[in-house]
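Chains as they are written, first to last, in our numbering: chain A, 1 to 406; chain B, 1 to 105.
Note that CB positions come from ideal geometry on N, CA and C, so glycine has one too.
Quick caveat, the model's predicted, so the values are computed rather than measured.
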Amino acid sequence: MSTLRPDLRSRSIACLAIPSLALQCELVDRPGLIGSPVALSDEVRSRVTEATREARHYGVRVGMTLRDAVALCPMLTILEPRPALVAKYADGLVQAMEAVSPFVEEAERGLVFADLRGTEGLYPRIEDLSRAIFVGIPPALRPQLGVAEYRFTAFIAALHAQPSEVVHVPVGDAAEFLADAPISRLALNTDAVEQLHLLGIERCGQLAALPRHAVEAQFGYPGGIAWLAARGQDTTPLRPRPWVRERVVEVVEAEPPLVSHEAILHALEQMLGRALRHPMARRRFVRLLRLRAEGERGGLWEREQVLREPQGDRDRLWRLIRTQVEYASFPGPLTRLSLELGALTAESGRQHNLFSEEQIRRREQLDEMVRHLKVRFGQSPVSRVVPVEPWHRLPEHRYALLEYDP
Amino acid sequence: MSERHTSLRPVGLPRAISMRVDAEGMPIAVTRVAARGRHGTETHVESIDEIWRVAEAWWREGSQARTYFRVILEGGRPLSVYRDDATGAWFEQPYSEPRQEGTAR
């Protein structure tokens, strides 16, 4: 149980949410479309994935085919998704949260959490905090901010907030505030949500009214977490992304765009060299590689590789990058390449095998010889000393010989 | 199904010796058994460095009680020997302090 004052506890977590990020990004990029019916299609231009309020007014719904949507709203503007644009603005949201807290988690694109504990001195009032966050975000993105003691409460608060406004939930009010929230917002799988719907449980308040053991018996550990969340008591911690000082990012803007794999590889090889020469990466090892390529038409290709063991060797890192790129299917000519060396280790030392190759080779020879002698004499002539009771006062009880059997 | 048997053979088993002792039972000269069971030559004890007693599980029947001597033989060679307090027989056995229980070697 936290010993913080209730007013400070109630501002432990901030959640920044933009419910239709991809569509909002397009509207920021094309302000002339604001206020008109606009829909975003999927990548194969078959169905509606997001729609503005104006489009919904005409009956356009998510999941509808584009043909049906246009039939309902002839003046509908249909846009293709541009993941690179979304990624750019999503990074901006993370940076806006990092302006107020070093511990920031990007749960998904357009949903960012920040741990606010310890920032009360910097931002005594919630308004100061929200101003500091919103200043880094284009208002046309319509960012919504929620502040509460725990992350689920902060998330629901953000969804309740008006664009560019904040909803703050005091500690004692969380359960009441969450009571009307739909259970589909909880971290439960769709089967569990459907099962709850069949039981007539639609809202968090109904779930919270059930005994915890009954929910856990039905849905296991996630059910218990969801039950706590529904009561405003979910203590699931943030998983902050590596601190900015723990990564080095190299970016290349390509003009003219890169088309061939050879050109992309050449650019990346130079970027890797530059990244490894960066003072922050010097004498440190890399645990995470992240590659991002943005296409001419807004397409995005991303790969993230967590290395099994940290690498500091340029050739090994290059081999990993080259493998990723050689089998990549890029979204057309590339205008921007980004290489991130992340989760840099504090130490650059490597634990080598205690046994050198020569020792291993000799051990194998010994094993072979012992096997040979065993066949010849029927038993192994070599024994290993094993501790039996090393603390025994009579010496003959302390250690024994055990037949060495390779 | 095949069964594998392995046996443990104790390390540091005591070896029987002949000991000549004085009136107080203190060692004067030791004769060690040489190869192939032949008696070796007698070697005089120059000095006795240390005497200590080990009584193992004395509360049990068949417990062992030994009196150890660390002696210096003529010529300066050290040797650890003990007398079995139950039988009076003498043995030689290297002795070091046992490791504390639970500590790493």
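List, in chain order, every chain A residue whose beta-carbon is nearer than 7 Å to that of glutamate 56 of chain B. In chain order: Arg393 and Leu394.
Under 8 Å between C-beta atoms of glutamate 250 of chain A and arginine 336 of chain A: Their beta carbons are not under 8 Å apart, which means glutamate 250 of chain A does not touch arginine 336 of chain A by this criterion.
Length of the line joining the Cα atoms of glutamate 3 of chain B and alanine 65 of chain B: With a pLDDT of only 42 at glutamate 3 of chain B, under 50, the local geometry of the prediction cannot be trusted, and the value read off the model is given with reservation. Cα-Cα distance, rounded: 39 Å.
Can you give me the start and stop residues for the beta strand (DSSP E) that threonine 345 of chain A sits inside? Per DSSP, threonine 345 of chain A belongs to no beta strand (DSSP E) and is neither H nor E.
By the three-class DSSP mapping on this structure, what secondary structure does methionine 466 of chain A have? The requested residue 466 of chain A is not part of the displayed model; chain A covers only 1 to 406.
Neighbour-count burial assignment, arginine 413 of chain A, 16 or more Cβ in a 10 Å radius: Residue 413 of chain A lies beyond the stretch modelled for chain A, which goes from 1 to 406, so this question has no answer here.
Opening and closing residue of the alpha helix (DSSP H) in which isoleucine 72 of chain B lies: Where isoleucine 72 of chain B is concerned, there is no enclosing alpha helix (DSSP H), although the beta strand (DSSP E) it sits in stretches over 64-73.
Where does alanine 51 of chain A land, buried or exposed, given buried means 16+ other C-beta within 10 angstroms? A residue is called buried when at least 16 other Cβ atoms come within 10 angstroms of its Cβ; alanine 51 of chain A meets this threshold and is buried.
What are the start and end residues of the alpha helix (DSSP H) that includes serine 80 of chain B? For serine 80 of chain B, there is no enclosing alpha helix (DSSP H); the enclosing beta strand (DSSP E) has its first and last residue at 78-84.
Along the segment 70-90 of chain B, where does the CB come closer than 8 Å to a CB of chain A? Name the residues. Residues passing the 8 Å Cβ filter: none.
Shorter than 8 Å from the beta carbon of valine 382 of chain A to some beta carbon of chain B? Valine 382 of chain A does not count as touching chain B.
Less than 8 Å between CB atoms is the rule here; does alanine 400 of chain A satisfy it with respect to chain B? So yes, alanine 400 of chain A belongs to the interface.
Taking just the CA atoms, how far does proline 83 of chain A sit from arginine 212 of chain A? Rounded to whole angstroms, arginine 212 of chain A to proline 83 of chain A spans 41 Å at the Cα level.
Skipping 5 residues on each side, what residues in its chain have a beta carbon closer than 8 Å to that of isoleucine 17 of chain B? For isoleucine 17 of chain B, the CB contacts under 8 Å within the same chain, skipping 5 residues up- and downstream, are Val30, Thr31, Arg32, Val33, Val81, Trp90, Phe91 and Glu92 in chain order.
What residues of chain B sit near proline 44 of chain A, judged by a beta carbon separation below 9 Å? This sequence places valine at residue 44 of chain A; proline is not what is there. Near valine 44 of chain A there are no residues of chain B at all, since even the closest Cβ is about 60 Å away, more than 9 Å.
The segment 123-143 of chain A contacting the segment 82-101 of chain A, beta-carbon criterion three pairs below 8 Å: Counting Cβ pairs under 8 Å, three or more are found: they touch.
Under 8 Å Cβ to Cβ from glutamine 162 of chain A, same chain only, skipping five residues before and after it: list those, please. Contacts found: Gln144.
Sort A:Arg53, A:Arg363 and A:Arg384 by Cα distance to threonine 77 of chain A and report the nearest one. Residue A:Arg53 holds the alpha-carbon nearest to the alpha-carbon of threonine 77 of chain A among A:Arg53, A:Arg363 and A:Arg384.
Which of helix, strand or coil does DSSP assign to arginine 336 of chain A? Reduced to three states, the DSSP call for arginine 336 of chain A is strand.
So, for aspartate 180 of chain A: in the same chain, excluding its five sequence neighbours on each side, which residues have a beta-carbon less than 8 Å away from its beta-carbon? Take aspartate 180 of chain A, set aside five residues on each side of it, and the residues of its chain with a beta-carbon closer than 8 Å to its own are Arg203, Cys204 and Gly205, in chain order.
Can you pull the chain A residues whose beta carbon is under 7 Å from the beta carbon of glycine 62 of chain B, in chain order? Taking a Cβ-Cβ threshold of 7 Å, none of the residues of chain A is close to glycine 62 of chain B; the smallest such distance is about 13 Å.
Excluding the five sequence neighbours on either side, which residues of its own chain have a C-beta within less than 6 Å of the C-beta of glycine 62 of chain B, listed in chain order? No residues qualify anywhere along the chain.
Give the residues of chain B in contact with proline 83 of chain A, contact being defined as C-beta atoms less than 7 Å apart. Residues of chain B whose Cβ lies closer than 7 Å to the Cβ of proline 83 of chain A do not exist, since the nearest Cβ in that chain is about 56 Å away.
List the residues of chain A whose Cβ lies closer than 7 Å to the Cβ of valine 11 of chain B, in chain order. Here the neighbours are Val385, Tyr399, Ala400 and Leu401.
Across which residues does DSSP place alanine 39 of chain A in a beta bridge pair? DSSP output for alanine 39 of chain A lists A:Ala51 and A:Ile78 as bridge partner(s).
Please state the DSSP three-state secondary structure of leucine 21 of chain A. When DSSP states are grouped into helix, strand and coil, leucine 21 of chain A belongs to the helix group.
For proline 94 of chain B, return the contacting residues in chain A, with the cut-off set at a CB-CB distance below 9 Å. Within chain A, the residues near proline 94 of chain B are Pro395.
Give me the Cβ distance between leucine 341 of chain A and alanine 281 of chain A, rounded to the nearest whole Å; I'm assuming they're in contact under 8 Å. Contact flag correct, Cβ pair sits at about 6 Å.
Report the neighbours of arginine 99 of chain B on chain A: residues whose CB is nearer than 7 Å to its CB, in chain order. Within chain A, the residues whose beta carbon sits less than 7 Å from that of arginine 99 of chain B are Pro390 and Trp391, listed in sequence order.
Relative to the alpha-carbon of serine 329 of chain A, which residue among A:Leu21, A:Ile264, A:Ala275 and A:Trp318 has its alpha-carbon at the smallest distance? The option with the nearest alpha carbon to serine 329 of chain A is A:Ile264.
In whole angstroms, what separates the C-alpha of glutamate 24 of chain B from that of isoleucine 51 of chain B? Straight-line Cα distance between these residues: approximately 14 Å.
Between the beta-carbon of arginine 287 of chain A and the beta-carbon of leucine 307 of chain A, is there less than 8 Å? Going by C-beta atoms, arginine 287 of chain A is nearer than 8 Å to leucine 307 of chain A.
Check whether leucine 373 of chain A and valine 325 of chain A have beta carbons under 8 Å apart: Going by C-beta atoms, leucine 373 of chain A is not nearer than 8 Å to valine 325 of chain A.
If phenylalanine 113 of chain A and arginine 56 of chain A are in contact, beta carbons under 8 Å, what's the gap, nearest whole angstrom? Their Cβ separation, rounded to whole angstroms, is 28 Å, which puts phenylalanine 113 of chain A and arginine 56 of chain A out of contact at 8 Å.
Could you tell me which residues DSSP pairs with tryptophan 301 of chain A in its beta bridges? Answer by DSSP bridge pairing, in chain order: A:Ala293.
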